[in-house]
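Inspection log for the structure reproduced underneath, given as structure tokens.
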Amino acid sequence: MANTAPHTQLEQDRLLVIYGEDPREMTLKLLEAAQLEKRIPQGALVGIKPNLVVAKPADTGATTHPEIVAALVEYLQAHGHTNLLILEGAWVGDSTRKAFQLCGYQEISRRYGVPLLDTKGDATTPRSYGGITMEVCQKALEVDYLINLPVLKGHCQTLVTGALKNLKGLISDREKRHFHTLGLHKPIAYLNKILHTDFILGDGICGDLDYEEGGNPVPMHRMFCGLDPVLVDSYIASCMGYQPRSIEYIALAEELGVGRCLAGPGQLVELNRDTSAAKPSPGGKVARLAGYAAPKESCSACYANLIQALARLDQEGLLEKLRDCPVCIGQGYQGQPGRLGVGRCTAAMDASQPGCPPTTMQMLEFLRSQLA
467 MANTAPHTQL EQDRLLVIYG EDPREMTLKL LEAAQLEKRI PQGALVGIKP NLVVAKPADT
527 GATTHPEIVA ALVEYLQAHG HTNLLILEGA WVGDSTRKAF QLCGYQEISR RYGVPLLDTK
587 GDATTPRSYG GITMEVCQKA LEVDYLINLP VLKGHCQTLV TGALKNLKGL ISDREKRHFH
647 TLGLHKPIAY LNKILHTDFI LGDGICGDLD YEEGGNPVPM HRMFCGLDPV LVDSYIASCM
707 GYQPRSIEYI ALAEELGVGR CLAGPGQLVE LNRDTSAAKP SPGGKVARLA GYAAPKESCS
767 ACYANLIQAL ARLDQEGLLE KLRDCPVCIG QGYQGQPGRL GVGRCTAAMD ASQPGCPPTT
827 MQMLEFLRSQ LA
């Protein structure tokens with residue numbers, strides 16, 4: 467079970483997690499708990515790196531919610547940190563300027579006086595690590611304090627994407643192509659030895675199920691922050707039902723000393739409990755997965771964890787075994803008999819995974835055992 471004690475001090479081996487439906491309010495509460503203002507030297511050039519891989523709104527599951535960035539900027543400026551820069555480069559073939567416009571970042575720039583930098587047009591400087599030389603954007607090297615804002619979402623090649631991979635927006639398009647020829651994993655890990663992330667503010671509001679371009683968002687209704695990108699990405703992987711070290715670039719980054727993977731739930735400090743109602747997707751892959759669940763007054767975090775677990779069962783070819791026995795979930799099942807359920811609300815059922823909420827990995831292992 468995650469740590470819900472009032473000790474919210476952010477340390478290298480901890481993550482702060484908050485649940486809810488208001489990204490602005492969640493952001494401010496996280497930053498206050500983390501005391502971010504005290505970590506940044508006065509006068510420092512603070513780089514803000516969202517995930518704007520494509521020009522699509524955040525509710526598609528592809529990009530960082532603009533409300534999060536706006537709240538971050540407000541917080542920093544209120545604490546005297548005014549030398550700010552938002553920098554990003556969309557993936558090859560898409561326009562960063564279009565993403566800035568469509569995703570609401572031009573409005574943030576205008577409202578708060580924070581410049582936007584399209585890294586596709588920035589000068590580059592070669593930097594090397596482990597025998598690989600990379601074209602790194604000059605401004606990214608000049609930033610004094612880098613705040614990384616990844617989205618909790620899937621990826622078509624690396625399975626998940628998070629803080630480590632988000633730095634790929636700080637290299638040239640030519641280098642992005644080069645990364646793909648090298649298989650992505652090794653250069654992603656190596657890039658994080660060249661560029662240092664100082665603070666991570668993770669957007670887990672509604673990242674995509676399995677594709678970085680969005681289209682099948684899973685409402686996870688959570689945000690999180692930390693200092694270690696490996697720790698953050700291992701949390702992201704576990705939220706999606708993957709063993710963190712099975713993701714090659716996470717394991718390699720840990721081996722290189724970039725950070726350390728999540729070792730246990732005691733490293734997660736939850737600032738609150740999720741009370742928002744689950745809102746099943748009306749269509750797409752997520753709706754298909756939802757057909758194997760039987761929610762009744764389910765909370766969103768619990769329901770989202772189940773959807774991610776069902777997605778992994780689908781990958782493993784086990785999902786069809788649940789066709790005649792959908793997984794019960796939600797407060798409406800308290801004290802009710804049944805065959806199969808997850809969460810403490812289903813404790814009266816024949817087989818139930820405890821927890822409030824149980825993690826994706828706990829649900830996945832439980833369901834695997836029931837289907838064996």
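The working numbering numbers the first residue of the sequence shown as 467 and each following residue consecutively.
Quick reminder that beta carbons are idealized off the backbone N, C-alpha and C, glycines included.
Just so we're clear, the structure is a prediction, and the values are computed from it rather than from any experiment.
- Residue pairing of R834 in beta bridges, as defined by DSSP: absent, with no partner found.
- With distances taken between CA atoms, R778 lies nearest to L755 out of G555, H545 and L755.
- One thing to note: L722 has its Cβ within 8 Å of the Cβ of K659.
- Under the criterion of beta carbons closer than 8 Å, R834 and C822 do not qualify as touching, at roughly 21 Å.
- Straight-line spacing of the CA atoms in Q572 and C794 works out to 44 Å.
- Here S638 carries a coil assignment [DSSP, helix/strand/coil].
- Cβ neighbours of G680 within its own chain (closer than 6 Å, five residues either side excluded): K522, T526, G527, A528 and D674.
- With a cutoff of 8 Å on beta-carbon distance, E641 and V519 are scored as not near each other.
- In the structure shown, I716 adopts helical secondary structure according to DSSP, grouped into three states.
- When secondary structure is reduced to three states using DSSP, M600 falls in the strand class.
- Residues of the same chain with a CB within less than 6 Å of the CB of F566, apart from the 5 flanking positions on each side, are Q572 and L582 in chain order.
- With a threshold of 16 other beta carbon atoms within 10 Å, T562 meets it and is buried.
- Put simply, the segment 510 to 517 touches the segment 552 to 561. At least three CB pairs are less than 8 Å apart.
- Excluding residues up to 5 positions away in sequence, A744, I795 and G796 lie with their Cβ nearer than 6 Å to the Cβ of S764 in the same chain.
- For the pair of segments examined, the segment 619 to 631 was found to touch the segment 705 to 717: the number of CB pairs separated by less than 8 Å reaches three.
- Here the alpha carbons of F832 and E786 stand approximately 16 Å from one another.
- The residue among G692, C727, E720 and P761 with its C-alpha nearest the C-alpha of V735 is G692.
- Within the same chain, and ignoring the five residues on either side of V609 in sequence, the residues whose Cβ sits closer than 8 Å to its Cβ are L511, V512, G513, L551 and L553.
- Taking 8 Å as the upper bound for CB-CB distance, L776 and Y799 are not in contact here, some 18 Å apart.
- Ranked by Cα distance from N632, the first of G668, R643 and Q604 is G668.
- The C-beta of K504 has fewer than 16 other C-beta atoms within 10 Å across all chains shown, which makes the residue exposed.
- The C-beta distance from R593 to V602 rounds to 5 Å, short enough to meet the 8 Å contact threshold.
- Distance from the CA atom of Q836 to the CA atom of L806, rounded to whole angstroms, is 9 Å.
- I598 and Y656 have their C-alpha atoms roughly 8 Å apart.
- When only Cα atoms are considered, P820 and W557 end up about 41 Å apart.
- If you compare the alpha carbons of L542, D488, L630 and A753 with that of E498, the shortest gap goes to L542.
- Runs of the beta strand (DSSP E) lying entirely within the segment 505 to 539 and spanning at least 3 residues, in chain order: 512 to 516.
- Comparing alpha-carbon positions, the option among N771, G804 and M600 lying closest to P685 turns out to be N771.
- Annotation: the continuous alpha helix (DSSP H) that includes L755 extends over G750 to A756.
- When DSSP assignments are scanned along the segment 672 to 751, the uninterrupted stretches of beta strand (DSSP E) that are 3 or more residues long and fall wholly within it turn out to be 688 to 692 and 734 to 736.
- About 6 Å separates the beta carbons of S742 and G486, which is inside the 8 Å limit, making them a contact pair.
- In this structure, G635 sits away from P616, with a CB-CB distance that is not shorter than 8 Å.
- P761: member of the beta strand (DSSP E) spanning A759 to P761, first to last residue.
- Selection P803, T825 and M827 evaluated against A817 yields P803 as nearest (Cα-Cα).
- The alpha-carbon separation between P792 and E782 amounts to approximately 17 Å.
- Within the DSSP bridge table, the entry for F645 names no partner.
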